[in-house]
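Quick note: the sequence shown uses my numbering, first residue 6, plus one each step. By construction, the Cβ of each residue, glycine as well, lies at the ideal position given by its N, Cα and C atoms.
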Amino acid sequence: MRIIYASCLISKKKNKELFENNTYTGFQVQKFHQLLCHGFAFNKCDIQILSALPVTRKNCNKIFIKKDYEKEGSIFFNYLTVINLPILKNIFIILAAMIEMFKLAKCKDNVFLMADCLNQSVSFGAVIVSKILGIKSVGIITDLPDFLSDKGKNSFNNMIIKMFNNYVLLTDEMNDYIVENITHKNKPYIVIEGSVDYTILNETTYEKYEKKVCMYTGTLAKIYGIEYLVKGFIKANVLNSELHIYGDGDFKNELIDLCKKNSNIKYFGTKPNEYIVEEQKKATLLINPRPS
Numbered sequence: 006m007r008i009i010y011a012s013c014l015i016s017k018k019k020n021k022e023l024f025e026n027n028t029y030t031g032f033q034v035q036k037f038h039q040l041l042c043h044g045f046a047f048n049k050c051d052i053q054i055l056s057a058l059p060v061t062r063k064n065c066n067k068i069f070i071k072k073d074y075e076k077e078g079s080i081f082f083n084y085l086t087v088i089n090l091p092i093l094k095n096i097f098i099i100l101a102a103m104i105e106m107f108k109l110a111k112c113k114d115n116v117f118l119m120a121d122c123l124n125q126s127v128s129f130g131a132v133i134v135s136k137i138l139g140i141k142s143v144g145i146i147t148d149l150p151d152f153l154s155d156k157g158k159n160s161f162n163n164m165i166i167k168m169f170n171n172y173v174l175l176t177d178e179m180n181d182y183i184v185e186n187i188t189h190k191n192k193p194y195i196v197i198e199g200s201v202d203y204t205i206l207n208e209t210t211y212e213k214y215e216k217k218v219c220m221y222t223g224t225l226a227k228i229y230g231i232e233y234l235v236k237g238f239i240k241a242n243v244l245n246s247e248l249h250i251y252g253d254g255d256f257k258n259e260l261i262d263l264c265k266k267n268s269n270i271k272y273f274g275t276k277p278n279e280y281i282v283e284e285q286k287k288a289t290l291l292i293n294p295r296p297s
């Protein structure tokens, strides 16, 4: 079985190549897709990553990044050409995704498309071709668009979601919302509540912090509930506890001010994924405050 996986997933080598001297905050997204793809590969699936490189003018100085291919283990990465300029970049990725999708799917039997619906350009280009070729598609939805951005972007994202045959969701409540507000009909879905990195299953003991450490890693955007998390932690006033936060976003400056006033809240900026994983092992509780 061949799975064409449309997302922003990149290899460890490509990550170092693009972001060694720049700030990239999407490590949690990379980890999510990485675990899914490694799971498919472990079960002998032919995994072809259709990757829209997660570059912006903020985190990458390159204007033009040419198409590239790479193999990491048994996973194949098909990196789309990127013109790193607003609007033009999205249009070009849609077209490039369509072309590459045709190449990967046209002459193969038992092909499926899986795509990150929130990565609009690559998922839109890929799902259009899946419709043309009659390939079954699975949309991965980790957040509801209506809670994330402005109305115009939401409408486009919701249109993309409607084009998929099946879904991977994080909660049953997400499906209820999608049926009521987006698709207006039931489609098959599966809930993935958690994922496991099988490469570290043999690690049974971890050195823990002496204090009870709650940890959040991700985008510091108020829309994701980070403000409620921090202020709720302050109000709870739990003895012998700390809140450790990693990431970047619009709540950053306010968070820094709150850290100055509350010694048990610590902000560490952005760190490589390998560092984050080691810190997560030492924490007492990992928190995701997102409302969806």
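So, does the region 64–73 touch the region 36–43, judging by three or more C-beta pairs under 8 Å? no
Beta-carbon proximity list for Cys264, same chain, < 7 Å, skipping 5 on both sides: For the purposes of this step, residue 264 is taken as residue 259 along the sequence shown, with counting starting at 1. Here the set comprises Ile270, Lys271 and Tyr272.
* Do you know offhand how far Ile250's Cα is from Phe238's? -> For this step, residue 250 is matched to residue 245 along the sequence shown. For this step, residue 238 is matched to residue 233 along the sequence shown. Computed Cα separation, rounded: 12 Å.
Is DSSP giving Val87 helix, strand or coil here? One-based indexing of the sequence shown puts residue 87 at position 82. Three-state result, Val87: strand.
Legend entry - 7 Å CB neighbourhood of Arg62 in its chain, flanking five on each side removed: Taking the sequence shown and counting its residues from 1, one reaches residue 62 at position 57. Result list for Arg62: Asn89, in chain order.
Exercise for review: For Asn170, I'd like the list of residues in its chain whose CB is within less than 6 Å of its CB, leaving aside the five on either flank, ordered along the chain.
Suggested key: Here residue 170 is taken as the residue at index 165 of the sequence shown, counted from 1. Excluding residues within five positions, the ones whose Cβ falls inside 6 Å are Lys141 and Ser142.
Self-check item: Residue environment, Met106, which counts as buried when at least 16 other CB atoms sit within 10 Å
Solution: Sequence index remark: in the sequence shown, residue 106 carries index 101 (1-based). It counts as buried.
Exercise for the section: Return the CA-CA distance between Ile166 and Glu215, expressed in angstroms with no decimal places. Expected result: Mapped onto the sequence shown, residue 166 falls at position 161. Mapped onto the sequence shown, residue 215 falls at position 210. Those two C-alpha atoms are separated by around 45 Å.
Secondary structure of Met179, DSSP reduced to three states: For this step, residue 179 is matched to residue 174 along the sequence shown. Met179 falls in the helix class under three-state DSSP.
Inset, instruction - Look up Asp121 in the DSSP assignment and say whether it is helix, strand or coil. - result: In the sequence shown, residue 121 corresponds to position 116, counting from 1. The answer is strand: DSSP assigns Asp121 an E or B state.
Whether Phe81 touches Ile104 by CB criterion (8 Å) = Position 76 of the sequence shown, counting from 1, holds the residue named residue 81. Position 99 of the sequence shown, counting from 1, holds the residue named residue 104. In this structure, Ile104 does not lie closer than 8 Å to Phe81 by Cβ.
Best match in Asn207, Tyr233 and Ile98 for proximity to Tyr221 [C-alpha to C-alpha]:
Your numbering for residue 221 matches position 216 in the sequence shown. It is Tyr233.
Buried or exposed for Glu279, please, with buried defined as at least 16 other CB atoms from any protein chain shown within 10 angstroms of its CB.
Indexing the sequence shown from 1 puts residue 279 at position 274. So Glu279 counts as exposed.
* Asked: In terms of alpha-carbon separation, which member of Ile146, Gln285, Asn48 and Asn267 lies closest to Ala120?
  -> Position 115 of the sequence shown, counting from 1, holds the residue named residue 120. Out of Ile146, Gln285, Asn48 and Asn267, Ile146 has the C-alpha closest to the C-alpha of Ala120.
inquiry  = Going by DSSP in three states, Glu215 sits in which element: helix, strand or coil?
reply    = In the sequence shown, the residue the question calls residue 215 occupies position 210. Correct three-state label for Glu215: coil.
Q. Nearest CA to the CA of Leu55: which residue from His43, Leu85 and Cys42?
A. Counted from its first residue, the sequence shown places residue 55 at position 50. Ranking the options by Cα distance to Leu55, first place goes to Leu85.
query = Quick one: what does DSSP say Met220 is sitting in, helix, strand or coil?
reply = Reading the sequence shown from its first residue, position 215 is the one you call residue 220. It is a strand residue.
- Smallest Cα separation from Ser126: which of Ile99, Val173, Gly223 and Lys19? Locating residue 126 in the sequence shown gives position 121, counting from the first residue. Ranking Ile99, Val173, Gly223 and Lys19 by Cα distance to Ser126 puts Ile99 first.
Other residues of its chain near Arg7: CB distance less than 6 Å, five sequence neighbours each side excluded: By 1-based counting over the sequence shown, the position of residue 7 is 2. Within the same chain, Arg7 has close Cβ partners Asp51, Lys113 and Val116.
| Residues near Tyr203 by beta carbon distance below 8 Å, same chain, minus five either side | Sequence index remark: in the sequence shown, residue 203 carries index 198 (1-based). Once the five neighbours on either side are set aside, the close Cβ partners of Tyr203 are His43, Gly44 and Phe47.
Since Ile9 and Ala131 should fall inside the 8 Å C-beta cutoff, what is the C-beta to C-beta distance between them, to a whole number of angstroms? Here the question's residue 9 lines up with position 4 in the sequence shown. Here the question's residue 131 lines up with position 126 in the sequence shown. That pair is a contact at about 7 Å.
With burial defined as no fewer than 16 other Cβ atoms inside 10 Å of the residue's Cβ, what is the status of Gly144: buried or exposed?
-> Taking the sequence shown and counting its residues from 1, the one referred to as residue 144 is at position 139. Under this definition Gly144 is a buried residue.
**Message:** I'd like to know whether the C-beta atoms of Tyr5 and Lys286 end up nearer to each other than 8 Å.
**Reply:** A query on residue 5 cannot be resolved here, the shown segment of the chain reaching from 6 to 297 and no further.
For the beta strand (DSSP E) containing Ile8, name the first residue and the last one. Along the sequence shown, one-based indexing puts residue 8 at 3. Start and end: Arg7 to Ser12.
Quiz item: In this structure, what does DSSP give as the bridge partners for Gly144?
Solution: Here residue 144 refers to the residue found at position 139 when the sequence shown is read from its first residue. Beta-bridge pairing links Gly144 to Ala120 and Tyr172.
_Within 10 Å of its beta-carbon, does Pro91 have 16 or more other beta-carbons around it, so buried, or fewer, so exposed?_
To locate residue 91, count along the sequence shown from 1; it is residue 86. Pro91 comes out exposed.
- [ ] With DSSP as the reference, please indicate the residues paired to Phe37 in a beta bridge.
- [x] Residue numbering aside, residue 37 sits at position 32 when the sequence shown is read from its first letter. The partner list for Phe37 (beta bridge, DSSP) is empty, contrary to what the question assumes.
- Nonlocal neighbours in the same chain, by C-beta distance under 6 Å from Tyr194, ignoring five residues either side: Looking up residue 194 in the sequence shown gives position 189. So the qualifying residues of the chain are Tyr172, Leu174 and Asn180.
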